[in-house]
Structure formats: C-alpha cells, structure tokens
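Everything below concerns the one structure shown next.
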Amino acid sequence: MLAVLGLAAFISFIALGNWQVERRAWKLDLIERVNARVHAQAVSAPLPSEWVSITRDSHEYLHVFLTGHFVQGKDTLVVAATDLGSGYWVMTPFKTERRGTVYINRGYIGQGVSPAAPPTGELRLEGLLRMNEPVGSVLRENQPEQDRWFSRDVLTMADQHGLSVAPYFVDAAKAQPGSPGGNGPVGGLTVIQFHNSHLVYILTWYGLALMVLVAAFLVWREERRRAISPQD
Numbered sequence: 679m680l681a682v683l684g685l686a687a688f689i690s691f692i693a694l695g696n697w698q699v700e701r702r703a704w705k706l707d708l709i710e711r712v713n714a715r716v717h718a719q720a721v722s723a724p725l726p727s728e729w730v731s732i733t734r735d736s737h738e739y740l741h742v743f744l745t746g747h748f749v750q751g752k753d754t755l756v757v758a759a760t761d762l763g764s765g766y767w768v769m770t771p772f773k774t775e776r777r778g779t780v781y782i783n784r785g786y787i788g789q790g791v792s793p794a795a796p797p798t799g800e801l802r803l804e805g806l807l808r809m810n811e812p813v814g815s816v817l818r819e820n821q822p823e824q825d826r827w828f829s830r831d832v833l834t835m836a837d838q839h840g841l842s843v844a845p846y847f848v849d850a851a852k853a854q855p856g857s858p859g860g861n862g863p864v865g866g867l868t869v870i871q872f873h874n875s876h877l878v879y880i881l882t883w884y885g886l887a888l889m890v891l892v893a894a895f896l897v898w899r900e901e902r903r904r905a906i907s908p909q910d
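To convert, note that position 8 of the sequence shown is 686 in the numbering used here; the numbers rise steadily by one, no gaps.
Below, the structure written as structure tokens:
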C-alpha cells in the first residue's frame, strides 16, 4: 500500500511540474508578444465589427491610435494608486467616425484636484488598448449609483451616461495633442507587469517528486538491510 501511495504521489508531482513548465512557456511567450505590441508602431483601433474578437491574449497593451473628439462633460474619476501617489484616473469618452466611442484614460490626477476639461476639436490620440475591468477592485465594488469607481468598468460607466462604447479603453500616452498643463491629467503611467511564479512552482513540484524518490530509496535500503542481516 505504501508503495502504491508513493508511486501515485510521484506521478502527480511530475505531472504538476510538467504543467507548470508549459504554463511558464506560455507566460514567457505572452510577455514577449506584449512587449512587441507596446513598442510597435501604433495601429488603428479595432472597428466595431471586430470588438467581439477582442481578447486579453490577443489585444491587451496593443499600441493603437484614434481620430475623433472628446465628449465634453462626461468625465468619470476612478480611484488610482500610482508612483505619483493616490488619486484618480480620469476616464473620458472619445467619439470617432468609424471606430465607435472609446473611453480614454486621460491620466492621473491627485486627490483634491479637479481635472481640466478635455481638449476640444478633432484630435489624433495614441495609447495602449486595455480590457474592461468589471465589478470593482479586489477590496471594493464599484458603486455606479453614487458615482464611486474602483475599477475602470467602462461598459457600466457608459450605461450611467447613456452611451454605447467599445468593450475596452485606451491608456493615453504621456504627451497628447492639446494636453492641458497645470491640473491636467498625467498620462503614460501604464504599468505593464505579469505575475510569473511558474519557476518557483516547477522547482516545488519536481522537488517534491525527488523527495518521494529519496524516501522510497531509503525505505528500500532499510528493508534490504534487514533482509540480509543475520537473524538472532
């Protein structure tokens, strides 16, 4: 029975280790692809007909551009924690002719600061495509009825303003045409970070498999020693 349990544990640990190897390869490939997207030349944002095919793996952090104008008076503030301190992201809908209406994260403002109005007129904006963030943060749920936001849930924001928008938003680049000075939002603060602990898990599972082998060897050696030892 002990041998059967040991064999089952060994096979399970090896399988888990192999799975983590595959996951690590996938994560490294994803990181490489995202880095390529971020530093690539900006491409046109997806058309409405393409929205259904947008996924995190295929589109997140894609460097895009849009041409259109901001919808005035529709700013939404979302709680933010950045290298500049605690404050808010300023989310503003941006209407285009062919790409639909897309929320733009114009950037960060500090607490107690009223954001400057978005620039008027037709603009060409660049930034990184980000996926919708529904519900809220890990600790707090959004409260749309009180206009309190802890995540960038642009679909619910749009409902509050009676708008139809893309299922993603764009983090504006640091320098944008017509960007206001003073209390204007600070763009270009996107943090591109991936949790990648797969190597630790690989070492853990394979290490446990090795421990099972060592334990099995010690048990076998002890039983063999007893078998060949002189009997009293």
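In this text, a Cβ means the ideal position worked out from N, Cα and C, and glycines have one as well.
A quick note: this is a predicted structure, and the numbers were derived from the prediction, not measured.
Just the Cα atoms here: how many angstroms apart are residue i and residue j?
i    : j    : result
V749 : I692 : 56 Å
R808 : D707 : 19 Å
V868 : A894 : The identity of residue 868 in the sequence shown is Thr, whereas the question assumes Val. If I take the Cα positions, the gap works out to 51 Å.
N820 : G684 : 49 Å
L806 : L725 : 16 Å
A723 : V892 : 56 Å
H717 : W898 : 57 Å
L801 : Q789 : 28 Å
G799 : V878 : 52 Å
S907 : S690 : 35 Å
E900 : V682 : 18 Å
Between which residues of its own chain and residue i is the CB-CB distance below 7 Å, once the five residues before and five after are set aside?
i    : result
A687 : V890
P845 : W729, I732, N810 and L833
H876 : Q698, R701, R702 and K705
L841 : P771 and T779
Among the options, which has the Cα closest to the Cα of residue i?
i    : options                   : result
V913 : W883, R711 and S842       : Here the chain comprises residues numbered 679 to 910, so residue 913 is not present and cannot be evaluated.
P797 : R904, R818 and F772       : F772
E728 : G695, G778, L755 and E710 : G778
P793 : K705, K752, A723 and Y846 : K752
I709 : H873, P822 and A887       : H873
Can you give me the Cβ contacts of residue i inside the same chain, cut-off strictly under 8 Å, excluding the 5 residues immediately before and after it?
i    : result
A758 : S764, G765, Y766, W767 and Y786
E775 : T745 and G746
Q824 : none
L680 : V897
Hey, residue i and residue j are a contact pair by Cβ (cut 8 Å); roughly how many whole angstroms apart?
i    : j    : result
V848 : L744 : 7 Å
V843 : S829 : At roughly 15 Å, the Cβ-Cβ gap does not stay under 8 Å, so V843 and S829 are not in contact.
L755 : W827 : 7 Å
Y739 : I870 : 6 Å
V721 : H737 : In fact, because the Cβ distance is near 11 Å, the residues do not count as touching under 8 Å.
Q838 : P863 : At roughly 20 Å, the Cβ-Cβ gap does not stay under 8 Å, so Q838 and P863 are not in contact.
Cutting at 6 Å between CB atoms, please list the residues of its own chain near residue i, excluding the five before and the five after it.
i    : result
K852 : G865 and G866
G695 : I880, W883 and Y884
V712 : Y739
T760 : Y786 and L867
R818 : F828
A836 : V843
Would residue i be called buried (16 or more neighbouring beta carbons within 10 Å of its own) or exposed?
i    : result
T770 : buried
A850 : buried
L803 : buried
R734 : exposed
D831 : buried
A714 : exposed
A887 : buried
R784 : buried
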